[in-house]
Each structure stands twice: as C-alpha cells, then as structure tokens.
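Taken in order, the sequence shown gives residues 2 to 380; the numbers are from the numbering used here. Note that CB positions come from ideal geometry on N, CA and C, so glycine has one too. Following: one structure in structure tokens, then a few remarks.
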Amino acid sequence: MTLHPIKTSIESLYVHIPFCASKCSYCVFYSVPAAPDSSRLNFLARLLLEFDEHAAAGKTDGRPMSSVFIGGGTPTLLAPLELEALLRAIRSRFPLRPDVEFSIECNPETLTEEKAAVLSAWGVNRVSLGAQSFSSGLRARLGRSGDPGRIGPAVRMLRRQGIENIGLDLIYAIPGQCMKEWEADLKAALAFGPQHLSTYSLTIEEGSALAADGSLQAPDEALAVEMWETAEAVAESAGMRRYEISNFAVPGFECRHNLSAWHAGTYLGCGPAACSFDGVLRWGNPASLEEWMQPEIRREEDRIPPEARAAESLLFGLRTVDGWEPCEFKERSGFDFLELRGPQIRKLEAEGLLEFRDGRLRPTRRGLLFNDAIGRELL
Ligand code: SF4
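Right under this line is the structure:
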C-alpha cells in the first residue's frame with residue numbers, strides 16, 4: 002500500500018471553556034458548574050500558559066491558522082474583561098489568516114451588549130447560538146435551563162455589534178415531541194434569518210442525566226427520520242442547503258472549522274478535554290479541570306495505526322454531502338481510498354449508500370441517513 006506524506010502544520014485552534022450555569026440532562030460534553038471569579042481567573046491564567054507551551058514547542062509551525070473555535074461549556078459565561086483577555090491572548094500567540102473564521106459558542110442567556118461588543122472588537126466573526134428549542138415544555142424535558150425569549154434579543158445584540166454570521170442549534174426527536182412542535186421550532190429559528198442551522202437528533206447518551214433517569218424513552222425511529230427530512234425541506238425553503246448530516250448553511254456560510262475537522266484537517270485543542278491532531282498524532286487533554294490545572298498536563302496519546310486512522314477520516318468526510326475528492330483524501334490521509342477500502346466502498350455503492358458523482362465519492366441521501374451502516378463497513 003502506498004503511503005504518502007501528509008500535512009503537519011496546524012490549521013485550526015479549538016479552545017474549551019468548561020463552565021456552565023447548570024448541566025443539561027442530555028449533555029455529555031465536559032463541563033463544570035459556573036465557578037466564582039477567582040477560579041475563572043485561575044483557569045484563564047492556566048489556559049494562557051497552555052497557549053505559550055504550544056507556541057514554544059512550535060506546534061503551530063508559524064503558519065497562519067484558518068479557523069478558531071471557542072466552545073464549551075459556555076464560553077459566554079466569562080465576564081467581558083475575561084473574554085477580552087482570552088481573545089487578546091489568542092491573537093497575540095497564534096498567527097491567524099486575515100480571513101480567519103473566528104467562532105464562539107454562545108448561550109443566549111449569558112450574552113450582554115458589552116460581551117457582544119468585545120467579541121466584535123476582537124474579530125470574532127461567527128457565533129453559534131445554542132437555542133435547542135423555543136418550547137418551554139420541550140426545554141424542561143431536556144433539562145435545559147433559560148428562557149427561550151432571550152434568543153431573539155441575543156441575535157439582535159450580535160447584529161448591532163456587526164456580527165452577521167450567526168448559527169442556531171436545535172435538537173429534535175425529543176421524547177414526546179410531535180412533528181408540529183418540530184416545525185414550529187424550525188420556523189422560529191429561521192425567522193431570525195441565520196446563516197447556519199444545526200439540527201441534532203437527541204441521543205440518550207450513556208453518562209448523561211437523561212440516561213440515568215431512564216423514565217424517558219428514545220423516540221420512534223420512523224418519526225426521527227421524518228423530522229430529519231422536514232428539517233431539510235424547511236431549511237431549503239429559507240435558502241439553505243444541507244452540507245452535512247445535521248448541518249445546513251446559506252451557500253458560502255458552511256462552518257470552515259467543522260469542514261476541516263471532517264476532512265482530516267489538523268487542529269490544536271486547548272483547555273480541559275480538548276483534543277488535538279497534528280496530521281500524525283492525536284492526543285487529548287484530561288477531562289478534568291483539576292488535572293488540567295496541574296503545572297504539567299498529562300495528555301493521553303492516541304496510538305491508532307495510520308491505516309485505521311485513515312479509515313476513520315474516510316468515514317468522517319462521508320458525513321458531508323460533498324464527501325471526498327480522491328486526491329484530497331490521499332493528500333490529507335496518506336492513503337488512496339480505493340486501495341484502503343475498495344471492496345467495502347464497492348459494496349456500499351451496490352447497497353445505495355455511496356456513489357461516485359462529479360469526481361467525488363459521496364454518501365447518497367440514504368447514506369447520510371444511515372451513516373452508522375457506512376461506519377460498520379469502513380472501520
Ligand atoms: S450548556 Fe451546552 S455544554 Fe453546558 S450543559 Fe448544556 S449542553 Fe452541555
């Protein structure tokens with residue numbers, strides 16, 4: 002099998018802010034309850050040291066990054082001065098492309114005009130707002146605190162401060178949710194004219210409070226599929242296009258950061274639980290604020306063999322509507338995908354889950370819906 006050299010310069014930065022006002026019952030992301038001011042300041046001081054450590058180790062290779070994503074947790078729980086310190090530190094430590102996509106996740110209840118002004122002043126140009134649902138009843142079922150009436154004012158604050166690229170996240174297939182309620186959520190979100198919409202099917206993940214509760218049943222699969230299709234019809238009527246299983250965008254506003262991660266792009270992760278990939282090695286920070294705060298961070302290195310990692314990359318790229326172009330896959334993964342998984346690809350083609358179209362290997366519509374079946378063949 003031919004092994005080609007692969008990229009090792011870092012293309013993207015991810016920063017994990019682990020604080021949340023309360024824990025949503027479906028959530029398995031690493032987060033801790035909102036901390037007093039002193040803990041947040043200690044956290045920021047440690048984060049800046051981690052930035053310095055990577056910069057000194059030459060991890061970023063001096064080449065400008067094409068995207069930054071500050072996620073969590075709830076990054077907008079940071080006070081305006083803390084947000085400013087974080088953004089200043091990122092801009093002073095890491096070289097960024099002039100057209101960098103600079104995103105932050107924002108919980109509408111925690112956004113203020115002052116914070117929106119800080120984000121804009123420091124070049125944040127894309128905000129992902131966690132709406133999840135506009136229905137108080139459905140939010141209660143998700144254990145999601147906060148008032149959905151704050152979503153609209155948050156969108157307006159961002160626009161007043163000149164941030165136009167706004168995405169909204171919704172959750173569907175919530176136990177007990179009917180199609181009418183889902184359509185109402187989609188329409189409420191699209192009424193704000195966002196550039197991006199993420200629609201995630203609720204999965205009751207092991208380790209979440211929902212799984213521990215056990216009283217709520219996973220939704221009916223046929224209804225979940227119908228909701229997936231409805232999301233597309235409603236988003237398309239608002240001028241968006243599905244570009245990944247769960248994501249829609251107005252053409253030209255697809256999330257660059259996520260597209261890169263799905264296509265074997267390299268990224269540096271800072272903060273507790275953040276993962277990194279430099280094109281050869283993948284490693285993760287401890288999912289514990291306490292451990293991560295130690296002077297020396299004990300990172301877990303992922304030693305997956307190159308062939309298995311390339312198969313994973315192949316699968317990730319096939320989450321996107323445009324899939325993989327053969328040369329792009331070879332350049333990014335080091336493998337030719339037909340040499341790597343030829344018989345499996347042919348089988349998935351015969352089953353109507355994959356297709357070669359316009360010079361690219363893509364998932365069919367059924368392949369997008371049943372990505373797990375593609376995974377079972379390729380991994
Ligand atoms: S706000 Fe987001 S990160 Fe925090 S608990 Fe809820 S889903 Fe998890």
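- Message: Quick check on the DSSP output: the beta strand (DSSP E) that includes TRP284 runs from which residue to which?
- Response: In the sequence shown, the residue the question calls residue 284 occupies position 283. Its beta strand (DSSP E) spans residues 283-285.
- Query: the ligand SF4: which residues have Cβ under 5 Å from any of its heavy atoms, chain order?
  - Reply: Those residues are CYS21, LYS24, CYS25, CYS28, PHE30 and SER32, given in chain order.
- Query: Whole-angstrom Cβ separation of ALA132 and LEU169, contact assumed at under 8 Å?
  - Reply: If you number the sequence shown from 1, residue 132 lands on position 131. If you number the sequence shown from 1, residue 169 lands on position 168. The pair is a contact, with the Cβ atoms about 5 Å apart (cut-off 8 Å).
- Please say whether ALA190 and PHE135 have beta carbons closer to each other than 9 Å? For the purposes of this step, residue 135 is taken as the residue at position 134 of the sequence shown. For the purposes of this step, residue 190 is taken as the residue at position 189 of the sequence shown. In this structure, ALA190 lies closer than 9 Å to PHE135 by Cβ.
- Thinking just about the alpha-carbon of each residue, which of ILE71, ARG358 and PRO344 is nearest to the one in ILE105? Indexing the sequence shown from 1 puts residue 105 at position 104. It is ILE71 whose Cα lies nearest to the Cα of ILE105.
- Task: On a CA-only basis, which of PHE30, PHE44, ALA118 and TRP123 is nearest MET158? Give me that one, please.
- Result: Counting from one through the sequence shown, the residue named residue 158 turns up at place 157. Looking only at PHE30, PHE44, ALA118 and TRP123, the smallest Cα-Cα distance to MET158 is reached by ALA118.
- Item | Assigned exposure category for PRO306 - 16 Cβ within 10 Å defines buried | Locating residue 306 in the sequence shown gives position 305, where the first residue counts as 1. PRO306 is exposed by the Cβ-count criterion.
- Message: Measuring alpha carbon to alpha carbon, tell me which residue in ARG145, THR113, VAL281 and ASP303 is nearest PRO287.
- Response: In the sequence shown, residue 287 corresponds to position 286, counting from 1. ASP303 is the residue among ARG145, THR113, VAL281 and ASP303 whose C-alpha sits nearest the C-alpha of PRO287.
- Task: Compute the beta-carbon to beta-carbon distance between SER13 and MET66, rounded to the nearest angstrom, for a pair I have assumed lies under 8 Å.
- Result: Numbered from its first residue, the sequence shown carries residue 13 at position 12. Numbered from its first residue, the sequence shown carries residue 66 at position 65. About 6 Å; that satisfies the 8 Å criterion.
- Item | DSSP state of THR321 mapped onto helix, strand, coil | Counting from one through the sequence shown, the residue named residue 321 turns up at place 320. Strand.
- Message: Could you check whether ALA274 and PHE103 sit closer than 9 Å to each other, using their CB atoms as the reference points?
- Response: Indexing the sequence shown from 1 puts residue 103 at position 102. Indexing the sequence shown from 1 puts residue 274 at position 273. Cβ atoms of PHE103 and ALA274: not closer than 9 Å.
- GLY335, buried or exposed, once every other Cβ within 10 Å from all chains shown has been counted against 16: As a working note, residue 335 is residue 334 in the sequence shown. Residue environment analysis places GLY335 among the buried positions, since at least 16 neighbouring C-beta atoms fall within 10 angstroms of its C-beta.
- Item | Cutoff 7 Å; reference THR365; Cβ partners in own chain excluding five residues on either side | Looking up residue 365 in the sequence shown gives position 364. In chain order, GLY353, LEU354, LEU355 and GLU356 place their CB closer than 7 Å to the CB of THR365, counting only its own chain and leaving out the 5 sequence neighbours on each side.
- Item | First through last residue of the alpha helix (DSSP H) which encompasses ALA122 | Taking the first residue of the sequence shown as 1, we reach residue 122 at position 121. Element bounds for ALA122: 114-122.
- Task: To the nearest angstrom, report how far apart TRP293 and GLU237 are at their CA atoms.
- Result: As a first step, residue 293 must be located in the sequence shown, where it is residue number 292. As a first step, residue 237 must be located in the sequence shown, where it is residue number 236. Here the C-alpha atom of TRP293 lies approximately 43 Å from the C-alpha atom of GLU237.
- Item | As assigned by DSSP and simplified to three states, the class of THR200 | Walking along the sequence shown from the start, residue 200 turns up at place 199. Three-state DSSP puts THR200 in a strand.
- Using 8 Å as the threshold, is the stretch 320-333 in touch with the stretch 259-268, meaning 3 or more CB pairs across them? Enough Cβ pairs lie closer than 8 Å, so yes.
- Roughly how many whole angstroms lie between the Cα atoms of LYS181 and ASN248? Residue numbering aside, residue 181 sits at position 180 when the sequence shown is read from its first letter. Residue numbering aside, residue 248 sits at position 247 when the sequence shown is read from its first letter. Each residue's Cα considered, the two are about 21 Å apart.
- Look at the alpha carbon of ALA141 and the alpha carbon of CYS21, and state the distance between them as a whole number of angstroms. If you number the sequence shown from 1, residue 141 lands on position 140. If you number the sequence shown from 1, residue 21 lands on position 20. Using only the alpha carbons, I get a separation of about 17 Å.
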